[in-house]
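Trainee: Quick note on numbering: the sequence shown equals residues 1 to 324 in my numbering. No residue lacks a Cβ here, since even glycine has one placed at the ideal position from N, Cα and C.
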Amino acid sequence: MKKIVISGAAGFLGSHLTKELLNQGHRVVGIDNLSTGKASNLEDVKDNPLFSFIQFDVSEKYIIELPELQGVDEIYHLASPASPKFYQAAPIDTIYVNTIGTQNMLELARRNDAKILYASTSEAYGDPEVHPQPEEYRGNVNTWGPRACYDEAKRLGEVFCYEYHRLYGVRTKVVRIFNTYSAGLRNDDGRVISNFVTQALTGEDITVYGDGSQTRSFCYVDDTLRAFRLMMDSDEATGEIINVGNPTEYSIMDVALMVQSLTGTSSQITFHELPKDDPKVRRPVIDKAKAILGWEPLVALEEGLQRTIEVYRERLVLEKVEAV
Ligand code: UDP
1 MKKIVISGAA
11 GFLGSHLTKE
21 LLNQGHRVVG
31 IDNLSTGKAS
41 NLEDVKDNPL
51 FSFIQFDVSE
61 KYIIELPELQ
71 GVDEIYHLAS
81 PASPKFYQAA
91 PIDTIYVNTI
101 GTQNMLELAR
111 RNDAKILYAS
121 TSEAYGDPEV
131 HPQPEEYRGN
141 VNTWGPRACY
151 DEAKRLGEVF
161 CYEYHRLYGV
171 RTKVVRIFNT
181 YSAGLRNDDG
191 RVISNFVTQA
201 LTGEDITVYG
211 DGSQTRSFCY
221 VDDTLRAFRL
231 MMDSDEATGE
241 IINVGNPTEY
251 SIMDVALMVQ
261 SLTGTSSQIT
271 FHELPKDDPK
281 VRRPVIDKAK
291 AILGWEPLVA
301 LEEGLQRTIE
311 VYRERLVLEK
321 VEAV
């Protein structure tokens, strides 16, 4: 049994990971300041004797001293708003959690000789001029725009990991996560899958930004989390950056049409202004993940969407019943 700390434990990825690691019999200490994460995401595990929860901001220096965190074997540093809607609403907090917060988690790892996985992002590539994106690509980030608080903070978080590995030998692993989804996303998350599915199930218009020709590659959460665990276990992944995402690319219009057909909705597709600096394309090269981790995604978008739609549908029915 390992002692594992997860920052951002009440968030989308953090709560899924917490449940999995508890199921495997590990002791998990979850940290979250509940700014975008929800305590209700941890409802199933809150009474599990192997789980404890600390409501705390990882950007606070004192976090390193918390007695509950000492003796940790592995740290997953996932804390950060991730949806453009939320990180743009809290840009300074986003910068802090990914820079100072990352340094705090690295100090905790250093002090305890723990391994640490940092959740970076495909946003590190910005609006890419190289397609698809391998880890060596240095990116095309607008450093003076609405996405910079996230993109640049994540990039600096990566540098902290690089230097803590080089200077102090901390076993850091940086995962660049491409678009990930499942029913665990909040209905009001603002990202495309939760928006389209919620809209289709409630009969609202499906809001395509721009003309829908921009592309993304969507990875189902189970695939993403499997890669996290493989990375944590792999010595070869130490001191490395690895892309984790599904290399099958879709236009946003394709996604809108797929959601329309899978839900059987009568919702219409409507077109809206494209947000500033919205990347035109995004698709990972996953050769490194394949070679080092033996990993590739197993869940195709259509199957993952079907699972997502089912759970959203049940949730909406439940919310309606509760409202009566
Ligand atoms: N998008 C859209 N309609 C929505 C939400 C998002 O057309 O209701 C588009 C958005 O402009 C982007 C893509 O879907 O091109 C993915 O956006 P998301 O916010 O999910 O994540 P991103 O990859 O941009 O961080």
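Going by C-alpha distance, which of 33, 52 and 288 is nearest residue 237?
Mentor: Comparing Cα positions, the closest option is 288.
Trainee: Secondary structure at residue 129, three-state DSSP: helix, strand or coil?
Mentor: Coil at residue 129, not helix or strand.
Trainee: Look at the Cβ atom of residue 41, then the Cβ atom of residue 22, and state whether they are nearer than 7 Å.
Mentor: Not a contact, by the Cβ cut-off of 7 Å.
Trainee: Suppose contacts are defined by Cβ-Cβ distances below 7 Å. Is residue 80 in contact with residue 97 by that definition?
Mentor: It is a contact, given that the beta carbons lie within the stated cut-off.
Trainee: Can you tell me whether residue 213 is buried or exposed? The criterion is at least 16 other CB atoms within 10 Å of its CB, across all chains shown.
Mentor: Looking at its Cβ environment, which holds fewer than 16 other Cβ atoms inside 10 Å, residue 213 is exposed.
Trainee: With respect to 6 Å, is the separation between the Cβ of residue 214 and the closest non-hydrogen atom of ligand 1 below this value?
Mentor: It does: the Cβ of residue 214 is within 6 Å (strictly closer) of some heavy atom of ligand 1.
Trainee: Count the other C-beta atoms from every protein chain shown that fall within 10 angstroms of the C-beta of residue 320, then say buried if there are 16 or more, exposed otherwise.
Mentor: That one is exposed.
Trainee: According to DSSP, simplified to helix, strand and coil, what is residue 83?
Mentor: If DSSP states are grouped into helix, strand and coil, residue 83 belongs with coil.
Trainee: I'd like the ranges of any beta strand (DSSP E) spanning at least 3 consecutive residues and lying wholly in the stretch 137-181.
Mentor: Counting only runs of 3 or more, we get 172-177.
Trainee: Rounded to the nearest angstrom, what separates residue 204 and residue 318 at their Cα positions?
Mentor: Approximately 19 Å, taken between the alpha carbons.
Trainee: Can you say whether residue 120 is buried or exposed, counting buried as having 16 or more other CB atoms within 10 angstroms of its CB?
Mentor: By the neighbour-count rule (16 or more Cβ atoms within 10 Å), residue 120 is buried.
Trainee: What does the Cβ neighbour count give for residue 193, buried or exposed, with the cut at 16 atoms within 10 Å?
Mentor: Buried, because 16 or more other Cβ atoms sit within 10 Å of the Cβ of residue 193.
Trainee: Specify, as a first and last residue, the run of the beta strand (DSSP E) that residue 38 falls within.
Mentor: Counting along the chain, residue 38 falls outside any beta strand (DSSP E), and DSSP gives it neither H nor E.
Trainee: For residue 308, which residues in the same chain have their Cβ closer than 7 Å to its Cβ, ignoring the five residues on either side in sequence?
Mentor: 181, 182, 183, 193 and 197.
Trainee: Please name the residue in 74, 30 and 44 whose C-alpha comes closest to that of residue 54.
Mentor: It is 30 whose Cα lies nearest to the Cα of residue 54.
Trainee: Which stretch, first to last residue, makes up the alpha helix (DSSP H) that contains residue 200?
Mentor: That run of the alpha helix (DSSP H) goes 192-202.
Trainee: Would you list the one or two residues that DSSP bridges to residue 117?
Mentor: DSSP, once it has assigned bridges, lists 76 and 173 as partnering residue 117.
Trainee: Taking 7 Å as the threshold (C-beta atoms), are residue 243 and residue 135 in contact?
Mentor: Yes; because the gap between Cβ atoms is below 7 Å, this pair is in contact.
Trainee: Taking 8 Å as the threshold, find out whether the stretch 290-304 comes into contact with the stretch 223-238 through three or more Cβ pairs.
Mentor: Judged by Cβ distances under 8 Å, the stretch 290-304 makes contact with the stretch 223-238, as three or more pairs qualify.
Trainee: Below 7 Å between beta carbons: does that hold for residue 339 and residue 32?
Mentor: In the structure as shown, the chain begins at 1 and stops at 324. Residue 339 is therefore absent and cannot be evaluated.
Trainee: Taking only runs of the alpha helix (DSSP H) that begin and end inside the stretch 237-266, which ones reach a length of at least 4 residues, in chain order?
Mentor: Correct list: 252-263.
Trainee: For residue 268, which three-state DSSP category applies?
Mentor: Coil.
Trainee: Since residue 53 is in the beta strand (DSSP E), which residue starts that stretch and which ends it?
Mentor: That run of the beta strand (DSSP E) goes 51-55.
Trainee: Rounded C-beta distance between residue 104 and residue 126? I'm assuming under 8 Å.
Mentor: Rounded, the Cβ-Cβ distance is 26 Å, inconsistent with contact.
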